[in-house]
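To keep things clear, I will list the structure first and then write my remarks on it.
In the working numbering, the protein residues as written are 79 to 349.
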């Protein structure tokens, strides 16, 4: 069943309070150019040019390249292992393979550890104003508010926009009306920014729908296997009758969740 509502139904007549003058003041960085191994992982996730974690077929190569990058930047092995095991372990790419790959890189290239260390900025910098007023997060639905809590400033704004984008793909039966036209929820988000500017928090939003994505992918794979079995069975029947004129029906259209916030995570659903 489709559930449509008017866009104006979601609007609150009460304006969101502006941030206090203190909250809008530029923040002064206290970093003094020292190596920061525990902050290096966040920096590496933002700057790594290999893209987000790939689908099956390129996971081990991607992880090895990422581990090499983190090793040179001085990311502590426990920090990297904790992150990789928490976010990348999945069927077909288990914790043992992940740990073997990461430890192997750190052991083999131990001499390169910290050879290109990540350091905090040497100069005092004024952080730009947050693009979304701080008070807005207080009136978000509880789930979105908790998703954004671990982040600050621009990273918090990126997380909110990315979460809305990812979740918009999870409700195909919900939509709205605007100017007498019906619209679905699905949103698309593109973030253009310099390296290490905070856009890396978008990668965490994908985890919000990872379970649903896996469910639909498994459902699609099962439907494909069922279709292939039906085709093989029908071909066997025709072969027994001495007929080779059987034309299999086209595959049934299947469901597939794709995260519009992270195009690299899209997967083709053949069923």
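Even glycine gets a Cβ: it sits at the ideal position worked out from N, Cα and C.
Please state the DSSP three-state secondary structure of residue 261. Shown here, residue 261 sits in a strand according to DSSP, grouped into three states.
Where the alpha helix (DSSP H) through residue 184 begins and ends: Here the alpha helix (DSSP H) through residue 184 covers 173-186.
As a quick exercise: from 316, 283, 257, pick the residue whose alpha carbon is nearest that of residue 267. Nearest Cα to residue 267 within the set 316, 283, 257: 283.
Distance cut-off 7 Å: residue 165 Cβ against heavy atoms of the ligand GTP: The ligand content of the structure shown is nil, which means the ligand GTP is not present either.
Completely contained alpha helix (DSSP H) runs for the region 202-260, where each covers 4 or more residues: Listed in chain order, they are 212-216, 220-226, 231-246.
With a threshold of 16 other CB atoms inside 10 Å of the CB of residue 128, please say whether the residue is buried or exposed. Exposed, by the Cβ-count rule.
Who are the near neighbours of residue 144 in its chain, counting only those whose CB is closer than 7 Å to its CB and skipping five residues on each side? Counting only Cβ-Cβ distances below 7 Å, and skipping sequence neighbours, we find 126, 128.
Given this structure, state the Cα-to-Cα distance separating residue 278 from residue 258, to the nearest angstrom. About 37 Å.
Can you check DSSP and say which residues form a bridge with residue 168? 171, per the DSSP bridge assignment.
Determine the contact status of residue 158 and residue 123, defining contact as a CB-CB distance below 8 Å. Taking C-beta atoms as the reference points, residue 158 and residue 123 fail to come closer than 8 Å.
According to DSSP, is residue 110 part of a helix, a strand, or is it coil? Caution applies to residue 110, whose pLDDT of 43 falls short of 50 and renders its modelled position unreliable; the value that the coordinates give is listed next. DSSP places residue 110 in the coil class of the three-state scheme, outside both helix and strand.
Could you tell me whether the Cβ atoms of residue 141 and residue 180 are closer together than 8 Å? It is a contact, given that the beta carbons lie within the stated cut-off.
Which of helix, strand or coil DSSP assigns to residue 156: In this structure, residue 156 counts as helix in the three-state DSSP scheme.
Just confirm the distance between the C-beta atoms of residue 196 and residue 117, as a whole number of angstroms; I'd bet it's less than 8 Å. Indeed, because the Cβ distance is near 7 Å, the residues count as touching under 8 Å.
Proximal residues to residue 261 (C-beta, below 8 Å), its chain only, five neighbours per side dropped: Cβ neighbours of residue 261 beyond the five flanking positions: 253, 254, 255.
Under a three-way DSSP split, which group does residue 266 fall into? DSSP, read as helix, strand or coil, puts residue 266 in coil.
How many angstroms separate the CA atom of residue 244 from the CA atom of residue 269? For residue 244 and residue 269, the distance between alpha carbons rounds to 14 Å.
Tell me the residue span of the alpha helix (DSSP H) that contains residue 280. 280-283 is the extent of the alpha helix (DSSP H) around residue 280.
For the alpha helix (DSSP H) that residue 145 lies in, which residues bound it at each end? Going by DSSP, residue 145 is part of the alpha helix (DSSP H) stretching over 137-150.
DSSP on residue 129, reduced to helix/strand/coil? Per DSSP, reduced to three states, the secondary structure at residue 129 is coil, with no helix or strand assignment.
Beta carbon of residue 149, beta carbon of residue 174: below 8 Å? No, these two residues do not count as a Cβ contact at 8 Å.
Can you tell me whether residue 136 is buried or exposed, with buried defined as 16 or more other CB within 10 angstroms of its CB? Looking at its Cβ environment, which holds fewer than 16 other Cβ atoms inside 10 Å, residue 136 is exposed.
For residue 170 and residue 176, I'd like the C-alpha separation in whole angstroms. Per the coordinates, the alpha-carbon of residue 170 lies some 11 Å from the alpha-carbon of residue 176.
Local conformation of residue 191 per DSSP, three classes: Correct three-state label for residue 191: coil.
Using the three-state DSSP reduction, which class does residue 300 fall into: helix, strand or coil? Per DSSP, reduced to three states, the secondary structure at residue 300 is helical.
Buried or exposed for residue 293, please, with buried defined as at least 16 other CB atoms from any protein chain shown within 10 angstroms of its CB. The residue in question, residue 293, is exposed, as its Cβ has fewer than 16 Cβ neighbours within 10 Å.
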